[in-house]
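Going line by line, the protein sequences match chains V and W.
First residue of the first sequence? That's 1 in the numbering used here, and the numbers climb one at a time after it.
First residue of the second sequence? That's 1001 in the numbering used here, and the numbers climb one at a time after it.
Here a beta-carbon is modelled for each residue, glycine too, at the ideal position from N, C-alpha and C.
The structure appears right after this line, and notes come after that.
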Amino acid sequence: MIQQIAFSVVLLVAGFFLRQRILFIRNTIRLGKENTITDRPGDRWQNVLLVAFGQKKMFKRPLPALLHFFIYGGFLIINLEVLEFVIDGLAGTHRIFAPWLGPVYPLLMNLFEFLAVAVMTACVLFLLRRFVLKLPRFWSAEMTAWPRLDAALILVTEIILMWAILFMNASDQLLQGQHEHYTATGRLFFSSFLMPVLNGTEVSSLVMIERFCWWFHIVGILGFSVYITYSKHLHIFLAFPNTYYARLEPKGYIQNMPVVTREVRSMLGLEASTAPSGEPGRFGAKDINDLTWNTLLSAYACTECGRCTSECPANQTGKKLSPRKIMMDVRDRMEEVGKRIKRGEPGFEDGKSLLGNYVTKEEINACTSCNACVEACPVMISPLDIILEMRRYVAMEESGSPAQWNSMFQNIETNFAPWKFPAADRFNWSKENS
Amino acid sequence: MTARGESPEIVFWVGCAGSYDDRYKRVTKAFVKILQATGIRFAVLGTEETCTGDPARRAGNEFLFQMQATSVIQVLNGYQVKRIVTACPHCFNVLKNEYPDLGGQYEVVHHSQYLQELIHEGRIKIKEGGSYQGKRITYHDSCYLGRANEVYEAPREVLASLDADLVEMKRCRTTGLCCGAGGAQMFKEPETGRKDINVERAEEALATGAGTIAVACPFCMTMMSDGVKAKNKEASVQVKDLAELLSESQGL
Ligand code: SF4
Ligand code: SF4
Chain V
1 MIQQIAFSVV
11 LLVAGFFLRQ
21 RILFIRNTIR
31 LGKENTITDR
41 PGDRWQNVLL
51 VAFGQKKMFK
61 RPLPALLHFF
71 IYGGFLIINL
81 EVLEFVIDGL
91 AGTHRIFAPW
101 LGPVYPLLMN
111 LFEFLAVAVM
121 TACVLFLLRR
131 FVLKLPRFWS
141 AEMTAWPRLD
151 AALILVTEII
161 LMWAILFMNA
171 SDQLLQGQHE
181 HYTATGRLFF
191 SSFLMPVLNG
201 TEVSSLVMIE
211 RFCWWFHIVG
221 ILGFSVYITY
231 SKHLHIFLAF
241 PNTYYARLEP
251 KGYIQNMPVV
261 TREVRSMLGL
271 EASTAPSGEP
281 GRFGAKDIND
291 LTWNTLLSAY
301 ACTECGRCTS
311 ECPANQTGKK
321 LSPRKIMMDV
331 RDRMEEVGKR
341 IKRGEPGFED
351 GKSLLGNYVT
361 KEEINACTSC
371 NACVEACPVM
381 ISPLDIILEM
391 RRYVAMEESG
401 SPAQWNSMFQ
411 NIETNFAPWK
421 FPAADRFNWS
431 KENS
Chain W
1001 MTARGESPEI
1011 VFWVGCAGSY
1021 DDRYKRVTKA
1031 FVKILQATGI
1041 RFAVLGTEET
1051 CTGDPARRAG
1061 NEFLFQMQAT
1071 SVIQVLNGYQ
1081 VKRIVTACPH
1091 CFNVLKNEYP
1101 DLGGQYEVVH
1111 HSQYLQELIH
1121 EGRIKIKEGG
1131 SYQGKRITYH
1141 DSCYLGRANE
1151 VYEAPREVLA
1161 SLDADLVEMK
1171 RCRTTGLCCG
1181 AGGAQMFKEP
1191 ETGRKDINVE
1201 RAEEALATGA
1211 GTIAVACPFC
1221 MTMMSDGVKA
1231 KNKEASVQVK
1241 DLAELLSESQ
1251 GL
C-alpha cells in the first residue's frame, strides 16, 4: 500500500514537471511567425514514415545507423513495458500482463531483454566513439561543456536503466517459486546469466533487490522523460513533427517574400499600390520571432549530431560558420526569451538578439548556400533557411552587407550584371572568334 | 540570332558569366556550335538579357532581386518564351524554381540535361573514337545542379558518351563538396579560415589522377581553375565544361 501511494506521488510529480515543460516548449515555439502548412499531406506523411520512423537518412552512415536503430527501436519497444510498470505501480499488482498474455509473455520479455542488451552495447560503442575515439564532429567549437555532458548523461543513463531491467528480471526469476507474489515467467535468457551472481541471497534481500531495480527503472524513466525536454534528446519526439513540416520544394528554392513583391510591383507600376495590410514587420530575421514557428520547432528537434557541420565546406576549411551552432543558438535564444516571458518580464527587450549576440555576421557571410547541411541532416532541418533570413535582415534593414556585395548590388542596378561590364557589351561574344 | 518572328525550339539563356567572363564565353561558343551543328532552332535575348538577380537574392537583397526578376519576366513573357536552356546552374535554379512565384512559368533545363536529351534522341550523333576516348576525367558536381535540383546523372551521361574513363571523387553526388563560390561567395573574398574551399576541392580532384576536371557551372569553372593553379598543376590538368568536352571530342 505504501508503495502504491509513493508511486502515485512520484507519477504525479513527474507528470506535473513534464506538463510544465511541454507548455513552455509549445509557447516558445509559438513565438515564431505564423506559417500555414497544409499542402501535400501525402508527401509529408511519407517523410514521417521514411525519415523519422524508418531513419532513412541515418543510413547514409550504415554502422552508426544500425547502432542508433537499436537504441531507437529498443527504447520504443521496451517502453511498452513501462505501461505494465505503471499499472503494477498503481494497482499494487506484479506483472499484470503475464496471465493475460500467457505463453506470449515470456517471448516478449525475452525480446525486451535482447533489446536491452542491444541498447547497452550500442550506448557503450557510442560512448567510446565520442569520448575515446573523439570523433571530430563531437568536439568542435560549439560542443562546449554542457552539450558534451548532455550526450554523456543520456548514454550512461540508458546503460544503467538497462542494467536495472536485467537485474530486476534476474532476482525476479530467483523469487519465482519462493514467493507467491512472483508470477512464473519461464526462463529469461539474458538475465538468467546474472542469476548466479544473486544465488544464495535470502528471499527478503532478493525482494529488496527486485524492488530497488523496479523503482530505479521506473523513476529513472520518469526522470529521464523530464530531463529530455532540456536536452538534445528531445529529438526523439520532435523529429516526427519536424519531418512532417519540413520543406518539400527542391533544396535550391528560396522562399519568396510577398511583401516585397507587392512593393516592387507597385513601384514598377504593374499594380496599384495597396495599403500594407497589418504592421509591416521586419525584413528578414534578427531574432527568433522573425523566424517561422516551424523553424523554431526544428531547433528543438535538432539532435546536435553535427552531420551538417561535418559536411559544411566553410566549416571544413576553418571558417567560423557551423550550421549545428546556428541551430543550437536558435534554441538557446528561445529558452532565454521563453524563460523571461515566464517570469513575467518582456521577453525580447533584453538588449540582446539572435543575430549579434549569438550568431555573428562573419558566420552567416561565410555560407555558400551549398545545401550540404540540409542534405546531411537526419531529421530534415535546414540551417540554411535561417542563415538566408539573417542575410536578408542585414542587407535590407541594416544595409550592412560586406562591401564587395554592396558593389555587386550596385553593378546589378546600373549594368544589370554582377560585374562592372557595360550592358551594351553583353552580346559581344557572338562577334568574337573562339 | 535573336527571335526572328519564327518560334524557336529553345531560348538559350547565356547568363552573365557566359556573356562577359572570358573563360566562360568559350563555353557559350562551344554550346552554340553544338546547337548549330545539330540544327536546333534556338534564340538568345542578346542585349535584352540581364542578370536574373540570383546573387542579390542569395546575399539577402530581396528588393534588388525582385526588381531584376520582375523585369526579366516581362521580357521573357513578352517573347512568349516556353523552353529555356542555360549553361549556368544558378540561372537554372532561379528561373526554374523561383520565377514561378513572380509570374514567370517556363520549362527550364540545364545544358547538361539538354545535351543528354539530344544524345538520347540521336540528334547529336556521337562519332566513334572521339579525342577523349579512354582519357581520365573526373566530374565536379555543382551544388545548384546536384543537391539543389537533384541533377546528378545527366552530366555524367554526357561524359559517358565521350567514351572517357570517368572517375569519381570521394565526395560526389549528394555529398559533393562545394567549389566555394555559391551563395554569392563568388563576389567577395572568403572569410578567414585555414584554407580556401576551392583549393580543398582541387586537391581532391587532382588526387583522382584525372587529366581533365569536368564542370557544368561558370563559378565552379573559375574556382576549380584557380584551385588547380594554386597547386601549380595548370600545365597538366585542364578544367573544362561539358559542352567544350563534347564539341572538342566531336571535332566541331
Ligand atoms: S549551406 Fe551554408 S551552412 Fe550549409 S553546409 Fe553549405 S556552406 Fe555550410
Ligand atoms: S541540424 Fe540536423 S545535422 Fe545538424 S546537428 Fe542538428 S540534427 Fe544534426
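7 Å Cβ shell around residue i - same chain, five flanking residues per side excluded
i, result
"asparagine 1232/W", "none"
"threonine 243/V", "Asn47, Val48, Val51, Ala52, Val379, Met380"
"cysteine 1088/W", "Gly1015, Ala1017, Gly1018, Cys1217, Pro1218"
"alanine 1003/W", "In this predicted model, alanine 1003/W has a pLDDT of only 47, less than 50, meaning its place in the structure is not dependable; the value taken from the coordinates is given anyway. Once the five neighbours on either side are set aside, the close Cβ partners of alanine 1003/W are Ala1043, Tyr1079."
"valine 1239/W", "Ile1213, Val1215, Met1221, Met1224, Ser1225, Val1228"
"asparagine 1093/W", "Tyr1144, Ala1148, Asn1149"
"leucine 90/V", "Gln4, Phe7, Ser8"
Residue i - containing alpha helix (DSSP H), residue span
i, result
"tyrosine 72/V", "62-91"
"valine 1199/W", "1197-1207"
"alanine 1160/W", "1153-1160"
"valine 48/V", "Premise fails: valine 48/V is in no alpha helix (DSSP H) and is neither H nor E."
"histidine 1090/W", "1089-1093"
"glutamate 336/V", "323-342"
"valine 264/V", "258-267"
"tryptophan 459/V", "What is shown of chain V runs 1 to 434, which leaves residue 459/V out entirely."
Three-state secondary structure (DSSP) of residue i
i, result
"tryptophan 100/V", "helix"
"methionine 1001/W", "Because methionine 1001/W sits at a pLDDT of 44, beneath the cut-off of 50, its placement in the model cannot be relied upon, and the following sentence gives the value as read from the coordinates. The answer is coil: DSSP assigns methionine 1001/W none of H, G, I, E or B."
"leucine 1166/W", "strand"
"aspartate 1241/W", "strand"
"tryptophan 1013/W", "strand"
"alanine 1235/W", "coil"
"valine 394/V", "helix"
"lysine 1025/W", "helix"
"histidine 217/V", "helix"
"alanine 1059/W", "coil"
"alanine 1216/W", "coil"
"phenylalanine 1042/W", "strand"
"histidine 1120/W", "helix"
"threonine 38/V", "coil"
"lysine 352/V", "coil"
"lysine 1127/W", "coil"
"threonine 121/V", "helix"
"glutamine 176/V", "strand"
"threonine 317/V", "coil"
"valine 359/V", "strand"
"lysine 33/V", "strand"
Chain-order list of residues whose beta-carbon lies under 6 Å from that of residue i (same chain, five-residue window excluded)
i, result
"arginine 1171/W", "Leu1177"
"lysine 325/V", "Glu142"
"lysine 420/V", "Asn411"
"arginine 1057/W", "Phe1065"
Option nearest residue i by Cα separation, candidates the options
i, options, result
"threonine 1192/W", "Gly89/V, Gln46/V, Leu321/V", "Leu321/V"
"glutamine 1066/W", "Leu1115/W, Glu1048/W, Arg1041/W, Gly1104/W", "Gly1104/W"
"leucine 1095/W", "Asp1241/W, Gly1053/W, Lys1127/W", "Gly1053/W"
"alanine 6/V", "Phe70/V, Tyr72/V, Gly92/V", "Gly92/V"
"valine 260/V", "Ala1069/W, Phe1042/W, Ala1243/W", "Ala1069/W"
"isoleucine 1073/W", "Asp1101/W, His1090/W, Phe1063/W", "Asp1101/W"
"methionine 1186/W", "Ser399/V, Pro346/V, Gln4/V, Gln404/V", "Gln404/V"
"serine 1249/W", "Phe1031/W, Tyr1020/W, Pro1008/W", "Phe1031/W"
"glutamate 1048/W", "Phe416/V, Leu127/V, Trp429/V, Glu432/V", "Phe416/V"
"glycine 318/V", "Leu1252/W, Thr1208/W, Arg1194/W", "Arg1194/W"
"leucine 1252/W", "Lys1188/W, Phe1012/W, Ile1034/W, Val1027/W", "Ile1034/W"
"threonine 36/V", "Ala98/V, Ala299/V, Tyr245/V, Glu349/V", "Tyr245/V"
heavy atom of ligand 4 below 6 Å from residue i C-beta
i, result
"methionine 327/V", "What this structure holds is ligand 1 and ligand 2, not ligand 4."
Boundaries (first-last residue) of the beta strand (DSSP E) holding residue i
i, result
"tyrosine 1139/W", "1136-1139"
"histidine 497/V", "Outside the shown range of chain V, which is 1 to 434, sits residue 497/V, and nothing can be said about it."
"threonine 1086/W", "1083-1086"
"glutamate 1107/W", "1107-1110"
Cβ-based neighbour list, residue i, same chain, cut-off 8 Å, excluding 5 preceding and 5 following
i, result
"histidine 1111/W", "Phe1031, Val1085, Thr1086, Ala1087, Ala1216, Leu1242, Ala1243"
Contact the segment 1187-1206 of chain W vs the segment 1221-1231 of chain W: 3+ CB pairs below 8 Å: A contact exists between the segment 1187-1206 of chain W and the segment 1221-1231 of chain W.
Contact between the segment 365-376 of chain V and the segment 1133-1148 of chain W (3+ Cβ pairs under 8 Å): yes
Validate contact between the segment 390-400 of chain V and the segment 355-369 of chain V using beta carbons, cut 8 Å, 3 pairs: yes
contact_flag[the segment 200-212 of chain V, the segment 159-176 of chain V] where n(CB pairs < 8 Å) is 3 or more: yes
At least 3 beta-carbon pairs within less than 8 Å: the segment 149-156 of chain V vs the segment 186-199 of chain V: In short, these stretches do not touch, since the Cβ pair count stays below three.
Cβ pair count under 8 Å reaching 3, the segment 295-314 of chain V against the segment 230-243 of chain V: yes
At least three beta-carbon pairs within less than 8 Å, the segment 262-269 of chain V to the segment 63-83 of chain V: no
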